[in-house]
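Residue numbers (this note's numbering): 812 to 1318.
Heads up, the beta-carbon is just placed ideally off N, CA and C, and yes, glycines get one too.
Heads up: the structure comes next, in structure tokens.
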Ligand code: GLU
């Protein structure tokens, strides 16, 4: 690594909600910055007015906040290199584009969209592809092909123009990527990209390079989809005579099945979110689900994302943010795409469900209970959580596993009844009722031995009696320790559930 102070940036365009691939890019930048005692910057790249989406910037900021990814400098926080929104830096870019023209690295191009469309069509009819490059530029409507006076005239008359990069011909560019190693490109395979548009705005390429330079960015860590831009970016640094940052292009996130990039459609098709938080499309009103609303813990979500492309080289899979910061390195990021696995995402949440402090889960589950109008002491909620959380991936699953603690069953699992409710079951259950009635100190530790004595007296074994007792309390053959359930719901409730069962269970 070079000796520059580590300064990295996450530079999203507010063109819609942030895909989880984008969150992963932000995460790796954050881990890298923290690990090296550097700075993490949020820059909003909003120079493409046509793709601007209302609410997207706010969504991006809030999502990253939920993830626990913090910025040292950002649109909201400010910083000495601001403003951090490119539309507010608009006046900066033009002079850099003009500087490149003056230095012979770029040129004015007056070709209209219709001219270029026409050319594309002509090339297509010859089964060729039109590319604006070293070959074609000599014959087109630009400051290379036209005489200087003609260019002046067109500009003075107010003809619209763009500024294009003059890609050198037939040069071998050698570039280095921290993840991919050496990348080699012949410049003749590249086109003359537009740097500055006729609407007075820079394109992504120009604004991105100028800002990375002005914001003193030391490392550019971004998705693999930007690798094709690396040659142009490298040439721009050379053209400006600026020191380039180091680059790391992260592997793509792949669909759970088949080839290709993970997309929103895969999420819809296979039923998992591809966005960190729920997103409501401002135009259509369509809602896309989010990890937060689906019940993922933010730290489990981050842990899962960290492993999509990186691994620590050990067996350990559960990492807190601090541990990730300690362990992370770009050298351990893989080159090949990383397949997204929705089951693994659930697995991570399940692990966090088990390892989190019981209070934390109980407080969240209490909200679920309150929403159902159930008010109960947090101590009981904690005991319930402790008993059932091993069967839950999400807080909302706890309800499915524990509803009988809070609501008496009104129906009985027909299959279980068929199998377990025998002719002598009512008699046996009445016996259980008798014993329960006589227990004053109502706790699992007392109920259990008393029922054991009863089982022994009946000589029928533990199973038949426990099955029908469970059926009365739970309504089915599932649930955790029966004596604990009895203790928690209390004597009165136990008796009333037995009475209800005796009256209502019919074969
Ligand atoms: N604005 C680009 C994006 O939306 C930034 C790419 C980069 O990091 O250079 O991803």
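- Taking 3 residues as the minimum length, the beta strand (DSSP E) runs contained wholly in the region 1047 to 1116 are 1057 to 1061, in order along the chain.
- Across the structure, residue 1160 and residue 1108 are spaced so that their CA atoms are roughly 7 Å apart.
- Non-local beta-carbon contacts of residue 1162 in its own chain, meaning distances under 6 Å to residues more than five positions away in sequence, involve 1129 in chain order.
- Inclusion of residue 1016 and residue 1037 in the CB contact set at 8 Å is not warranted, their separation being larger than that value.
- Here residue 996 is not near residue 1006, since their CB atoms are 8 Å or more apart.
- Boundaries of the beta strand (DSSP E) around residue 995: 992 to 997.
- Residue 925 has its Cβ no nearer than 7 Å to any heavy atom of the ligand GLU.
- Looking from the CA of residue 878, the closest CA among 1013, 951, 1088, 1042 belongs to 1088.
- Relative to residue 1090, the option among 866, 852, 1308, 1183 whose CA is nearest is 866.
- Taking a contact to require three or more Cβ pairs closer than 8 Å, the region 1024 to 1038 and the region 826 to 840 qualify as touching.
- DSSP places residue 1132 in the uninterrupted alpha helix (DSSP H) bounded by 1132 to 1138.
- Using a cutoff of 7 Å, the CB of residue 1042 does not count as near the ligand GLU, since none of the ligand's heavy atoms is closer than that.
- DSSP places residue 1016 within a helical segment (H, G or I) once states are collapsed to three.
- With respect to the 8 Å criterion, residue 916 and residue 976 are classified as neighbours on the basis of their beta carbons.
- Within a 10 Å sphere around the beta-carbon of residue 1195 sit 16 or more other beta-carbons, which makes this residue buried.
- Within the same chain, and ignoring the five residues on either side of residue 1171 in sequence, no residue has its Cβ closer than 7 Å to its Cβ.
- Beta-bridge pairing by DSSP links residue 1121 to 1144.
- Beta-bridge partners of residue 885 (DSSP): 889.
- The Cβ-Cβ distance between residue 941 and residue 930 falls below 8 Å.
- Cβ-Cβ separation between residue 1063 and residue 1124: approximately 22 Å, too far for a contact (criterion under 8 Å).
- For residue 830, the closest of 928, 1083, 889 by C-alpha to C-alpha distance is 1083.
- A contact between stretches requires three or more CB pairs, one per stretch, nearer than 8 Å, and the region 1042 to 1051 fails this requirement with the region 846 to 853.
- Proximity of the region 1110 to 1121 to the region 885 to 893 falls short of the contact definition, fewer than three beta-carbon pairs being nearer than 8 Å.
- The three-state reading of DSSP puts residue 1040 in helix, counting H, G and I together.
- Look at residue 840 here: in three-state DSSP terms it is helix.
- Look at the beta carbons and you see the region 904 to 913 not touching the region 859 to 875: under three pairs across the two are nearer than 8 Å.
- Residue 1071 and residue 1041 have their C-alpha atoms spaced approximately 22 Å apart.
- Judged by DSSP secondary structure, residue 1034 falls within the beta strand (DSSP E) whose first and last residues are 1030 to 1034.
- Counting the other Cβ atoms within 10 Å of the Cβ of residue 1221 gives fewer than 16, which makes it exposed.
- Counting along the chain, the unbroken beta strand (DSSP E) around residue 852 starts and ends at 850 to 853.
- Look at residue 1037: its beta carbon is less than 7 Å from one of the heavy atoms in the ligand GLU.
- Per DSSP, the unbroken alpha helix (DSSP H) holding residue 1281 starts and ends at 1273 to 1285.
- Here residue 983 carries a strand assignment [DSSP, helix/strand/coil].
- Between residue 1157 and the set 1025, 1111, 1057, the nearest pair of CA atoms involves 1111.
- Judged by DSSP in its simplified three-state form, residue 817 adopts coil rather than helix or strand.
- Annotation for residue 1264: no residue places its beta carbon closer than 6 Å to its own, counting only its chain and skipping 5 residues before and after.
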